[in-house]
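Counting along the sequence shown from 1, when you hit position 246 you're at 246 in full-length UniProt numbering, and nothing is skipped either side.
We put the CB at the ideal spot given by N, CA and C, even for glycine.
These notes are about the structure you will find just below.
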Amino acid sequence: MGHHHGPHGHHHHDHDHEAEARPLPAAMDPAVPDSELSPDQLSRRGMLRRAGLLGAGAATASVLGTAAAAAATPAGRGEGRGNGNGNGNGNGRGNGGGRRLHWLAGDHHIHTQYSPDAMYRVADQVGNGARYGLDWMVITDHGNVNHSRIGVERVNPDIRSARETYRDTLVFQGLEWNIPAAEHATVFVHPGRNEVSVLKQFETDYDGGVRGATDSSPRNEALAIAGLDFLAEQVRRRRVDDALMLANHPSRKGIDSPHEIRAWRDAQPRIAVGFEGAPGHQAAGIPSPHGPGSGRGYYTSSPNAHSYPGYPAESYRTWGGFDWMTATVGGLWDSLLSEGKPWWITANSDSHSNYGDTSARPQGSDYNANGYHGDPVYAGAGLNLSAGDFWPGQYSRTHVGAHDFSYAAVMDGIRDGRIWVDHGGLISGLDAQLRGGNRSATLGGTLHVRRGTQVELVLEIALANGPNWAQFVPTLSRVDVIRGAVTGQASDRDTMRAPETKVVKSFDVNESTGMVTLTYRLGRVDRPCYVRVRGTDGNRSQPGLYGADVDPAGPALDVLGDADPWLDLWFYSNPIWVLPE
């Protein structure tokens with residue numbers, strides 16, 4: 001596909017003050033003394049310090065020192081060389097000088113009182129997300145007739161107000177799209193004067209719920225592609241600077257078929273860029289009576305008439321809190337990567353109603369009449385232990401490598417796959433570098449080398465280094481390196497197997513503080529391949545679906561009604577490719 005910033009790249013024509021790169025947040029700026037920080041900013045700085053992201057040699061909040069500099073080079077952007085399989089992603093040749101990456105934690109799937117099944121104000125979600133250490137958030141209320149008619153406009157002043165109140169937080173406006181013929185997706189745009197009008201038109205014309213186009217059919221699948229084409233056209237016409245789509249909880253109902261996922265990505269590879277590797281609603285698995293006693297992610301479904309018949313029963317449950325498509329080594333996600341298709345994973349809260357909260361909707365709140373619920377009020381009923389969600393940043397985080405602190409930089413980082421995700425603060429920071437031939441590439445990137453070059457993967461990991469929001473310090477037990485061959489485009493658009501992908505190295509760590517550096521040598525590389533990594537607290541594991549030879553100790557199938565998310569923590573990275581020439 002080739003990531004590039006040419007004629008249809010980012011044009012900052014439609015900007016107001018939100019479009020500009022901002023100064024670093026005060027918590028990230030070492031020139032601002034601790035005494036001048038608010039309590040929330042001081043808390044954020046403490047997290048950054050524990051991660052090794054502040055202090056000598058890391059004043060610009062680079063990931064774990066200087067190793068990222070070589071990979072994050074302006075020269076590399078726009079010059080990636082494709083491999084014939086759709087993977088030239090702009091991180092190829094450039095290798096000099098370098099701009100360091102800022103790893104910005106965020107959440108692209110958050111609901112408010114403008115969703116029929118949610119309750120919080122925008123300010124509640126953004127304020128708490130900032131308190132839990134997030135740098136960026138996307139407000140994604142459900143697409144429906146009321147939202148397209150009222151909510152998409154009514155929420156915008158609240159979002160603009162939050163942008164002013166929380167100047168150290170980037171707040172995007174988006175929506176949760178009912179993908180015609182499929183599940184849900186986050187759609188969001190770069191802020192600007194047309195953000196509301198573009199989202200409103202998109203929702204009105206292309207939302208499956210609004211259009212009555214939810215059933216699986218070729219006609220509805222074509223409507224989904226038309227929606228993605230519409231978003232690309234808005235960017236091309238410069239009505240908005242950028243737009244992105246990420247599929248949400250893709251395995252929950254089994255209705256996102258492999259060929260639909262491929263079709264979204266192939267139709268608009270600069271718009272449709274990935275899916276949730278782990279769904280939100282992670283508190284839903286906490287056992288009753290102390291929790292909802294359901295399934296993590298509310299993954300409790302069975303196949304229905306619109307489900308893809310090739311999906312196994314195991315796909316309707318989470319595995320260590322992660323979606324089956326991501327958690328299965330050699331499975332559907334790997335089948336995309338083995339084609340050389342850039343397709344990224346994220347992890348989010350999907351916050352609607354949060355576990356342990358004391359608030360509720362006010363009596364008489366009428367969403368159908370007003371297009372929103374009244375502001376939440378103190379319920380006086382104790383802690384809500386039936387809610388299945390966490391606040392943004394409280395449990396799930398999506399870390400994006402950005403070149404500066406701006407909306408455009410976060411969107412660029414997501415599009416380019418500079419993303420790793422974690423649950424429960426298992427680790428504080430990750431720097432992954434593929435090195436060979438005096439070049440390097442980081443997450444989402446491509447290392448171009450001469451055929452037969454010795455290549456190695458170097459991981460620098462900042463451990464938890466302090467308690468998470470459940471008030472314990474997680475221990476990283478093990479890190480796995482997963483390697484797959486790039487075999488070219490699959491003849492079967494519904495394939496969901498990558499038979500040459502497997503766990504090739506496991507490192508025992510068993511530490512919770514400090515830094516660890518791990519090196520895996522790929523040897524002399526003579527054919528295209530990719531690597532990705534994951535890590536675990538080691539509490540729950542089982543052989544993967546394709547056997548112990550492929551994945552000897554992968555995440556375990558989550559038990560309905562008995563899956564405390566804090567007792568089963570993982571992190572996952574996006575891939576890095578090697579293309580020998």
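Suppose you measure from the CA of residue i to the CA of residue j; what does that come to, to the nearest Å?
| i | j | result |
| --- | --- | --- |
| residue 57 | residue 44 | Low confidence applies to residue 57: its pLDDT is 32, below 50, so where it sits in the model is not reliable, and the reading given next is rough at best. Answer to the nearest angstrom: the Cα atoms are 19 Å apart. |
| residue 150 | residue 196 | 11 Å |
| residue 27 | residue 373 | 34 Å |
| residue 539 | residue 529 | 30 Å |
| residue 37 | residue 383 | 31 Å |
| residue 576 | residue 442 | 6 Å |
| residue 451 | residue 350 | 44 Å |
| residue 570 | residue 424 | 8 Å |
| residue 340 | residue 554 | 24 Å |
| residue 565 | residue 241 | 38 Å |
| residue 568 | residue 194 | 43 Å |
| residue 60 | residue 104 | Annotation note: pLDDT 29 at residue 60 (below 50); position unreliable, no value reported. |
| residue 261 | residue 479 | 29 Å |
| residue 537 | residue 407 | 33 Å |
| residue 493 | residue 482 | 23 Å |
| residue 405 | residue 348 | 20 Å |
| residue 532 | residue 519 | 13 Å |
| residue 548 | residue 455 | 26 Å |
| residue 495 | residue 161 | 46 Å |
| residue 42 | residue 34 | 7 Å |
| residue 95 | residue 238 | Unreliable positioning characterises residue 95 in this predicted model, as indicated by a pLDDT of 32, which lies under 50. The coordinate reading is nonetheless provided below. Straight-line Cα distance between these residues: approximately 31 Å. |
| residue 296 | residue 578 | 35 Å |
| residue 205 | residue 377 | 35 Å |
| residue 402 | residue 512 | 27 Å |
| residue 415 | residue 228 | 15 Å |
For the candidate residues the options, whose alpha-carbon lies nearest to that of residue i?
| i | options | result |
| --- | --- | --- |
| residue 131 | 47, 474, 462 and 201 | 47 |
| residue 226 | 238, 211, 239 and 240 | 211 |
| residue 515 | 52, 551, 274 and 263 | 52 |
| residue 267 | 154, 513, 485 and 245 | 245 |
| residue 355 | 376, 361, 488 and 282 | 282 |
| residue 232 | 200, 269 and 256 | 269 |
| residue 164 | 22, 100, 115 and 252 | 22 |
| residue 305 | 556, 257, 145 and 498 | 257 |
| residue 117 | 315, 209 and 141 | 141 |
| residue 107 | 466, 276 and 156 | 276 |
| residue 562 | 338, 321 and 497 | 321 |
| residue 466 | 491, 426, 496 and 453 | 426 |
| residue 429 | 187, 342 and 398 | 398 |
| residue 334 | 409, 487, 213 and 393 | 487 |
| residue 470 | 417, 543, 461 and 390 | 390 |
| residue 312 | 287, 298, 366 and 252 | 252 |
| residue 292 | 437, 249, 386 and 560 | 386 |
| residue 344 | 247, 392, 319 and 379 | 247 |
| residue 153 | 175, 170 and 166 | 175 |
| residue 476 | 535, 433 and 455 | 535 |
| residue 447 | 287, 415 and 527 | 527 |
| residue 411 | 198, 25, 214 and 173 | 173 |
Is the CB-CB distance between residue i and residue j below 9 Å?
| i | j | result |
| --- | --- | --- |
| residue 585 | residue 123 | Given that the chain is displayed from residue 1 to residue 581, the structure contains no residue 585 and the question cannot be resolved. |
| residue 557 | residue 331 | no |
| residue 458 | residue 517 | yes |
| residue 203 | residue 147 | yes |
| residue 137 | residue 353 | no |
| residue 413 | residue 400 | yes |
| residue 326 | residue 572 | yes |
| residue 613 | residue 328 | A query on residue 613 cannot be resolved here, the shown segment of the chain reaching from 1 to 581 and no further. |
| residue 587 | residue 188 | Because the chain spans 1 through 581 in this model, residue 587 falls outside it and cannot be assessed. |
| residue 180 | residue 208 | yes |
| residue 324 | residue 338 | no |
State buried or exposed for residue i, treating a residue as buried only when at least 16 other CB atoms are found within 10 Å of its CB.
| i | result |
| --- | --- |
| residue 218 | exposed |
| residue 302 | exposed |
| residue 435 | buried |
| residue 72 | Per-residue confidence for residue 72 stands at a pLDDT of 31, beneath the threshold of 50, marking its modelled position as unreliable; no derived number is given. |
| residue 183 | buried |
| residue 472 | exposed |
| residue 290 | exposed |
| residue 580 | buried |
| residue 588 | With the chain covering only 1 through 581, there is no way to say anything about residue 588. |
| residue 358 | exposed |
| residue 171 | buried |
| residue 342 | buried |
According to DSSP, what are the bridge partners of residue i?
| i | result |
| --- | --- |
| residue 272 | 245 |
| residue 534 | 480 and 572 |
| residue 520 | 457 |
| residue 141 | 175 |
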